[in-house]
Each structure stands twice: as structure tokens, then as C-alpha cells.
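The next block holds one structure in the form of C-alpha cells; read it before the comments.
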Amino acid sequence: MVVHGRVGPRPRGNTSLLHNVQDKVEGLFETRAGGLPMYKDKPYTYGASRKIRPMWRRRRVLAFLGLAALLTLMYLNGAFSRDREGEKGSVWGLGSFNEAPKGKVDWEKRRQHVVDAFEKSWDAYERYAWGYDEFHPVSKGKRQMAKDGLGWIIIDSLDTMMLMNQTKRLSHAREWLQQTLTWDQDQDVNTFETTIRMLGGLLSAHYLSTEFPNMAPVPEDAGGEDLYLEKAKDLADRLIVAFDSPPTATLQLEFKYLAKLTGEKFYWDKVEKVMQVIDDNGTEDGLVPIFIYPDSGKFKGRNVRLGSRGDSYYEYLIKQYLQTNKAEPIYEEMWTQALDGVRRHLVTYTEHSGFTIIAERPEGLDAPLSPKMDHLARKLATWTRKDEEDMKLAAELTHTCWATYKYMATGLAAEITHFNVNKPPLSEGAAHPTPPSTLDGADLDAPWRADFIVKPADAHNLQRPETVESLVYMWRITKDVKYREWGWEMFMSFMDHTAVEDGGFSSLTNANTLPPVSRDNMESFWLIVFNTEAHPLPRFEMGRLFSTGWNRKPRDRFGKIVQTAGAEGTEGTETQGGA
Numbered sequence: 003m004v005v006h007g008r009v010g011p012r013p014r015g016n017t018s019l020l021h022n023v024q025d026k027v028e029g030l031f032e033t034r035a036g037g038l039p040m041y042k043d044k045p046y047t048y049g050a051s052r053k054i055r056p057m058w059r060r061r062r063v064l065a066f067l068g069l070a071a072l073l074t075l076m077y078l079n080g081a082f083s084r085d086r087e088g089e090k091g092s093v094w095g096l097g098s099f100n101e102a103p104k105g106k107v108d109w110e111k112r113r114q115h116v117v118d119a120f121e122k123s124w125d126a127y128e129r130y131a132w133g134y135d136e137f138h139p140v141s142k143g144k145r146q147m148a149k150d151g152l153g154w155i156i157i158d159s160l161d162t163m164m165l166m167n168q169t170k171r172l173s174h175a176r177e178w179l180q181q182t183l184t185w186d187q188d189q190d191v192n193t194f195e196t197t198i199r200m201l202g203g204l205l206s207a208h209y210l211s212t213e214f215p216n217m218a219p220v221p222e223d224a225g226g227e228d229l230y231l232e233k234a235k236d237l238a239d240r241l242i243v244a245f246d247s248p249p250t251a252t253l254q255l256e257f258k259y260l261a262k263l264t265g266e267k268f269y270w271d272k273v274e275k276v277m278q279v280i281d282d283n284g285t286e287d288g289l290v291p292i293f294i295y296p297d298s299g300k301f302k303g304r305n306v307r308l309g310s311r312g313d314s315y316y317e318y319l320i321k322q323y324l325q326t327n328k329a330e331p332i333y334e335e336m337w338t339q340a341l342d343g344v345r346r347h348l349v350t351y352t353e354h355s356g357f358t359i360i361a362e363r364p365e366g367l368d369a370p371l372s373p374k375m376d377h378l379a380r381k382l383a384t385w386t387r388k389d390e391e392d393m394k395l396a397a398e399l400t401h402t403c404w405a406t407y408k409y410m411a412t413g414l415a416a417e418i419t420h421f422n423v424n425k426p427p428l429s430e431g432a433a434h435p436t437p438p439s440t441l442d443g444a445d446l447d448a449p450w451r452a453d454f455i456v457k458p459a460d461a462h463n464l465q466r467p468e469t470v471e472s473l474v475y476m477w478r479i480t481k482d483v484k485y486r487e488w489g490w491e492m493f494m495s496f497m498d499h500t501a502v503e504d505g506g507f508s509s510l511t512n513a514n515t516l517p518p519v520s521r522d523n524m525e526s527f528w529l530i531v532f533n534t535e536a537h538p539l540p541r542f543e544m545g546r547l548f549s550t551g552w553n554r555k556p557r558d559r560f561g562k563i564v565q566t567a568g569a570e571g572t573e574g575t576e577t578q579g580g581a
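Taking the numbering used here, the leading residue of the sequence shown gets 3, the next gets one more, and so forth.
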């Protein structure tokens, strides 16, 4: 959910940084001056869109990282490929992409293309917009989200630079953090986005720099080894006032890790209480509406979906369970109920070709299904348990996500895709056609295309990482090379259609026309793509200081609270309840 916190003078209370730091644990968004973008929900709109023609072949991909397999997944950075014959090197001087004999793939060189892509993106930002929160690569414009800036792009990229051994660039970033960045600004901020990107980015940088000090090492006098942690705690102490509103969900991973590092238990207690407030409302099959009244913590409305405003709630259930090395089974229970609810109420199939989708229930679980899937809903592959049933569903959904890319003229998926489904929609497991295993995006008459609908207002592409993240997990679990190949196809499309002359890459206002229409904005998560909440954090043991701190109320087999009292929902102000 998103509520607004504030950076400014720190609140009084227990805010000192302990010396015994444990440093080796494991639609369109409305623009307003100084506002913070809600990337997980909807994007900013800018002025008149500019058209840019696709540049010649430049194929470098981003760094990928999963929460549970940090260093192993690092080797997958850019390791997606498809041989294409007869191509020249790119105008960026990266050399030919056809470096290996036909039928073979040189993964090391493709990994280097990943690094090259990051360097070109970062260097353009450094040249034209250094220290600014937004970079508009087409116009070479820049903008701050607060008076003195929040470090949006710089902090979001710290861990990527470490993993890519970008010592010089990281040193420049640390210098800016030490000498320029200040949170002492009177500024409203989006609590969720600031937590996952700024707080999460700093904590991830602290973890990597202390646990793996040989990755992009910097001089000891460059701000001190606790620079990232000190900045993180300073920010957290300013954001903590947002928890005066009960239902500030999906911030648990970051604040729990900060509590573990500092020994400050109140961080842990604040975010644990949030989970209790939400769960005490009662759920049906583990699924929660996306809106909550901030004053009472009660659900508002019945809109259930795994897209924007809803996705992170479910993701943080399973990740909280994993973060503390499975020491909090309450979150596994909540996750299992939610996944069963997704199967029962949200999974269905397209009418003609049988693609599996996760739909929405905007009026409640007993109301009609809406066959629509946000880009943010495309991550079930990151949630799979080790059993065949869940892997089958994950594979089917990943196949559909790949098809949303193939459907578009640029090969880059729309922000939202609608689908043609049977009336009434089929339930999961019902007999349905088998979708084609190969898809030719250039064949506009292919029968499978009849199942896909992209409305003009939804045709933008924001460089989102969710689908590519799912491909990483699927490759890691199955070892099926097709997931690598699909990922490389997607990356080639980014190189062909989003690169900007003189540096940078831009999101697109329209990804279904050639040449595409640029949004003139390089999203900060274009430079990261570790996981959907941006930054890798370690697992750790809870120890004696921390505990789950709450128990679930008795429930029936559908997850409904037994013998609960009181009405559901009260009048109040609307707050987003999932992401």
C-alpha cells in the first residue's frame, strides 16, 4: 500500500545507531511538482512525446538477482542469447553480437554486453543529470523530486555497480552520498517507493559491501564502511512516522533487516503490527482488497487483483518467510492460502489458444472476472514451491508473459494487456486448448493474436523488470534454455527501440508502433532488475531479540475468521492496500 511519509527533521525518540552493527548477516499517474512517482502503480506523464528511431543493434542486458540465490543468479546477468547472422557491431562500439560459431553461444561476451549497457546508461545520466532524481535522455532534461534531491537513480544503482565491479562509478556515487545527499528536507514522499528503492538500495549496498568487500572495493576513507547504513537509518527514522497510520504494508523486508542490523527492535515491531492489522480483517481464500482505510485499517471496497496496488502484499508474504530462514511459519500459511485463492478465483484461460492468465475481480470474488493482466502481475514464477503443480502453473504464466512481448510491434510488452476469454471463464484445470510453443511476432495473422487486446491508453512500456525476473527464476529451476532465449529476445527489443542517441535508454509512450514513441524518461529500475522490489537482501536468523509478535485469529478452511464480530469497513480516507 502507499501512504505518504515525510523526509524532514527526525522525530524524537530512540534513533541512535548502535555501535555493534551486525554487518555480516544474511491509467496514468498524475504529475505534480516535487511529487514522487509511484512506479509500482502508474507512471508519470510528461509533455509532448517525442519519436525516436530505433538505433542499430545494441544488445546488453541488466543485472538480475533473486532473493534466495544471490551470487548464482549474478552469473545470469545478460546471459540470454539468440544467434543472429550477418549483424554488424553497434554504434556504441560494443563489437559484433555474432562472436561464436553458429549454434553456440558465448555467454561471457553476452555478460559483458550487460555491463556495457549499464555503463552507457549510467554515463549518460552522469553526463547530463548527475545528482538529479529523474533523467530525460531524449531532451537531456533532469528534475528533482524534492528541493535538494533524494538520490533516486544513484541509490537505486549502488548494488548493481558492486556486482558489476564498477569501482570508479561507485566511488563517484559514494562521494555524492557523503558530501551532497541530505534527508533534512521538508518534503512529502511516497512511503512505499522510498522504502523499497532508497532504504532498500542503501541496505542492499551495505550488505554487499560488508559481506563481499572485494566487489568494487572503495578506499576506506570514502565515507567509512557504515556510510550506507548510516544513511539508511537516517532515512528510516524520518519514514517511521508513516506507521502512525495502521495499514502501511509491504515494507517489512527492509525494516526487519534494518532492525537486525541495528538491534533497534521498534522497527521490527512497527512492521509486524501492520501484518496483524491487515490479517485481522479476515480474508476469503487469503486474498485481500487493494484499498484500506488508514484510520481504521479496515478494507475499503472489494477489488482483488495481483496487479498494481496488490502485487507486493502477496510477494512479501513468502519473502518474509524466507528472510528469517523459515522461522515464521505464519507467513508461509498466509502465502499458501493466498496461492490457493489465486488458483480458485483468478486463474483462467484465453478463448482461442488457451493461454493461462491471472485475471482480476474488481467487484469481489463472487462478482464477474475481468480478463486483464498488469505487467506487475507477472511474477508467479518467483513464488513457486517445489512441486509439479505449482511449476506447471508458473510455466504456463511465463509463457503468456512472453506472448505479451511478442504481440507488440516493438517486441516490448504493454503496461496492461486484456484477453479474450470464454463466457463464463474457465476455472483452473478445465479443458482448454494448448497455446503454441513458438510465436512469430511478425505474423499479424497468427490465430493466437486473437486472444490479446492492448488498448491505446495501455500501450506504454516502462522498462519494467517483472517478466524478465520470472524468466531468471524459470531458467534457474528448470534449466530450459528457452527462458534464456526469450529473455535475450526481449533485451534485443529494448536495444533496438529504446536506446537514445548520445546516451541513455527511454521508456515508451507507445510500444505498438514503429518507430515507437518515446516517453523521454529512463526509469531508475532500468539499471537494477534484481527482483521486483529492486534490491537483494540476505536471509538471517531472528535471534532472541525478535519474534513474529502476533497470532492469527481462528479461521475456517477458506481463510475466513471464525466468529468474528464487528462490521467490515468504516468511513474514512482511502489508502492503497497491497503495494
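Cβ coordinates follow ideal geometry from the N, Cα and C atoms, glycine included.
Just so we're clear, the structure is a prediction, and the values are computed from it rather than from any experiment.
- Among the bridge pairs identified by DSSP, D281 is matched with none.
- The residue among G506, L241 and V290 with its C-alpha nearest the C-alpha of M277 is V290.
- Taken in chain order, the complete alpha helix (DSSP H) segments of 4 or more residues contained in the segment 100-134 are 109-131.
- In the three-state reduction of the DSSP assignment, Y295 falls in the coil class.
- DSSP places G489 within a helical segment (H, G or I) once states are collapsed to three.
- Around the C-beta of Q181, fewer than 16 other C-beta atoms lie within 10 Å, and the residue is accordingly described as exposed.
- Just so you know, the alpha carbons of D282 and L529 end up roughly 38 Å apart.
- Cβ neighbours of D558 within its own chain (closer than 7 Å, five residues either side excluded): V564.
- By the Cβ neighbour-count rule, L473 is buried, with 16 or more other Cβ atoms within 10 Å of its own.
- Straight-line spacing of the CA atoms in D376 and A501 works out to 24 Å.
- The three-state reading of DSSP puts K302 in strand, counting E and B together.
- Between F357 and F421, the CB-CB gap stays under 9 Å.
- Cβ neighbours of D447 within its own chain (closer than 6 Å, five residues either side excluded): none.
- For M147, the three-state secondary structure derived from DSSP is coil.
- Taking a C-beta distance under 9 Å as the contact criterion, L241 and T197 qualify as a contact pair.
- Contact holds between the segment 541-557 and the segment 258-269, because three or more Cβ pairs, one in each stretch, are under 8 Å apart.
- A244 and D498 have their alpha carbons spaced roughly 42 Å apart.
- Counting C-beta pairs with one atom in each stretch, the segment 515-526 and the segment 131-138 have three or more that are closer than 8 Å, which means they touch.
- With a threshold of 16 other beta carbon atoms within 10 Å, V423 meets it and is buried.
- At the C-beta level, G561 and D271 stay beyond 9 Å of one another.
- Looking at the DSSP output, S372 bridges to E362.
- Comparing C-alpha distances from N553 to each of E330, Y316 and Y269 shows the shortest one belongs to E330.
- In the structure shown, E543 adopts coil according to DSSP, grouped into three states.
- Excluding sequence positions up to five before and after E274, its CB lies within less than 7 Å of the CB of T550, G551 and W552, all in the same chain and listed in chain order.
- The three-state reading of DSSP puts I530 in coil, since its state is none of H, G, I, E or B.
- The Cβ-Cβ distance between D158 and G203 falls below 9 Å.
- In the three-state reduction of the DSSP assignment, E353 falls in the coil class.
- Listed as beta-bridge partners of H462 by DSSP are no residues whatsoever.
- Under the 10 Å beta carbon count, T264 is surrounded by 16 or more other beta carbons and is classified as buried.
- Taking all protein chains in view, the Cβ of D186 is surrounded by fewer than 16 other Cβ atoms within 10 Å, so the residue is classified as exposed.
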